[in-house]
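Everything on this sheet refers to the single structure shown next.
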Amino acid sequence: MLLSSNDYLGLATHPDVVQAAVRATEQYGAGAGASRLVCGTLPPHEHLESSLAAFKQTESALLFGSGYLANLGIIPSLIGQGGLILADRLCHASLTDGCRLSGADFRVFRHRDSAHVESLLKRRQSHRPTLIVTDGLFSMDGDLAPLPELASLAEQYGATLYVDDAHGTGIMGPTGRGTIEHFGVEREIPFHMGTLGKALGSSGAYVVGPRDMIEYLINTSRPFIFTTAPPPSTAAAASAALAVVEREPERRTRLWANRQRLFDGLQRLGFRMTSTVSPILPILIGDAAKALAFAEQLLAHEVYAPAIRPPTVLDETSRIRVTVTSEHTPEQIDEALHAFDLAGRATGLF
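In our numbering, the protein residues as written are 72 to 421.
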């Protein structure tokens, strides 16, 4: 049983999504053949960008080959030498690398600590361009950034807030539009990025926002300019997935019911969990060797949830990153909980 996938809504195998990829491949070929600015822009790319802008209720959208490429391309376009970046300590590696690549002064703030952000803002020179960087939903802890507080600080101190909503898109918020919708701060956060390879079941990434911002990125973001466009099949698949997200809200309902069933069961067993509020359910173990041993025991009981170790997470915070999807059945979750119980006893966790 797979309990580590980011395919939260099971859309990677949804018939409509699969068939959209097949049809696009048959019509346009396996690859785009060039970068977007040469001749690689095909109808599936344009349709997906329009669909993303409509779904996210923004003016425009732009595709990237991956979330990593997006962050490496967007952040250095927003800020450079002489600027200041304040990033959450637990930001995704692609955000960290994008910050470093920008050439701006790069500092980290304590995880989800708005007061620390404000103290850093107060100490900077008021005229200095400043970018606040955070995940919306943190991929290894399953918790949420305090977006309302960060947006308020950005406005108060004249900074820009940049949010990576890779894991929020499709599952967070009343209609699945993401962490920004979850907090109701769409006006305060007019642009953000996210990915197509998690809840949307395809691959690639996007940034959405005002049209002038997107036009600026088209002309300045080097990973966009100098990369072959994403395959038409993945763009078509993502468009189909967006339609399913809007058409089948019951998938989110099942996802959250499954999440609660698994979370409650893991807590009853006595596992040490993070303060997660999402389908990402990290079991904190600490020692990397113990985490590996626990994962091996799970696999022996036919549950695949690998150990997450440094450098992906901080030292002494190795864990089993458990994720649940809408497609797990209650019976499967109960079977998984039995496997976790046996693995915990075998490795001396309780």
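Every residue, glycine too, gets a C-beta built ideally from N, C-alpha and C.
Item: Please look up how many angstroms separate the CB atoms of Pro303 and Tyr99, rounded, as I've assumed it's under 8 Å.; Value: 4 Å
Item: Can you check whether the CB of Arg392 is closer than 7 Å to the CB of Ile379?; Value: yes
Item: Are the segment 141-159 and the segment 196-206 in contact at 8 Å, needing three or more beta carbon pairs?; Value: yes
Item: Measuring CB to CB, does Phe262 end up less than 7 Å from Met243?; Value: no
Item: Anyone know if the C-beta pair for Arg282 and Glu130 falls short of 7 Å?; Value: yes
Item: Would you mind giving the Cβ-Cβ distance between Gly272 and Ala300, rounded to the nearest angstrom? I have them listed as a contact below 8 Å.; Value: Between Ala300 and Gly272 the Cβ distance is about 20 Å, and since that is not below 8 Å, they are no contact.
Item: In this structure, does DSSP put Phe334 in helix, strand or coil?; Value: helix
Item: Which two residues bound the contiguous beta strand (DSSP E) that contains Ala132?; Value: Ser131 to Phe135
Item: Counting along the chain, where does the alpha helix (DSSP H) carrying Tyr99 start and finish?; Value: Pro86 to Tyr99
Item: What number of angstroms, rounded off, separates the C-alpha of Arg181 from the C-alpha of Leu113?; Value: 43 Å
Item: If I measure Cβ to Cβ from Val395 and keep anything under 6 Å in the same chain, skipping five residues before and after, which residues do I get?; Value: Asn329, Arg330, Leu333 and Pro350
Item: Which of the three DSSP states is assigned to Val279 in this structure?; Value: strand
Item: Using DSSP with H/G/I as helix, E/B as strand and the rest coil, what is Asp212?; Value: coil
Item: Suppose only complete runs of 4+ residues qualify. What are the alpha helix (DSSP H) ranges in the segment 336-382, listed by chain order?; Value: 359-371
Item: Is the segment 220-235 touching the segment 185-200 in the sense that three or more CB pairs, one from each, lie closer than 8 Å?; Value: yes
Item: Could you give the distance in angstroms between the alpha-carbon of Leu155 and the alpha-carbon of Thr246?; Value: 34 Å
Item: Where in the segment 240-306 do unbroken runs of the alpha helix (DSSP H), each at least 4 residues long, occur, reported from the N-terminal end onward?; Value: 250-254, 282-291 and 293-296
Item: Looking only at its own chain, which residues have a Cβ that is under 6 Å from the Cβ of Ser316, when we skip the five neighbours before and after it?; Value: Before going further, note that residue 316 is Val rather than Ser in the sequence given. If we look at Val316 and ignore the five residues flanking it on each side, its Cβ neighbours are Gly241 and Gly247.
Item: Counting C-beta neighbours from all protein chains within 10 Å, is the total for Glu402 16 or more, i.e. buried, or is it exposed?; Value: exposed
Item: Look at the alpha carbon of Leu74 and the alpha carbon of Ile354, and state the distance between them as a whole number of angstroms.; Value: 12 Å
Item: Using only alpha-carbon positions, find the residue among Arg94, Thr250 and Leu413 that is nearest to Pro219.; Value: Thr250
Item: Mind checking which residues open and close the beta strand (DSSP E) that includes Arg392?; Value: Ser389 to Thr394
Item: For the alpha helix (DSSP H) containing Leu155, name the first residue and the last one.; Value: Note, Leu155: premise wrong, no alpha helix (DSSP H); beta strand (DSSP E) at Leu155 to Asp159.
Item: Taking Gln368 and Ala414 to be in contact with their CB atoms under 8 Å, please state how far apart those CB atoms are, rounded to whole angstroms.; Value: 4 Å
Item: Report yes if the CB atom of Pro217 is closer than 7 Å to the CB atom of Ser185, and no otherwise.; Value: yes
Item: List, from N- to C-terminal side, the beta strand (DSSP E) runs of 3 residues or more that fit wholly inside the segment 182-236.; Value: 201-206 and 231-235
Item: Among residues of its own chain, excluding the 5 on either side of Leu119, which ones have a beta-carbon nearer than 6 Å to its beta-carbon?; Value: Ala306, Ala309 and Ser310
Item: Using CA atoms only, rank isn't needed, just tell me which of Ala417, Ser223 and Asp176 is closest to Val256.; Value: Ser223
Item: Cα-Cα, which of Glu373, Glu321 and Val279 is closest to Leu123?; Value: Val279
Item: Less than 7 Å between C-beta atoms, sequence neighbours within five positions excluded: which residues of the same chain meet that for Arg195?; Value: Leu155 and Thr201
Item: To which residues of the same chain is Thr324 closer than 7 Å at the C-beta, ignoring the five residues directly before and after it?; Value: none
Item: Quick one: grab the DSSP three-state call for Asp168.; Value: helix
Item: Considering only residues of the same chain and omitting the five flanking positions on each side of Gly136, which have a CB-CB separation below 7 Å?; Value: Gly275, Thr298 and Pro301
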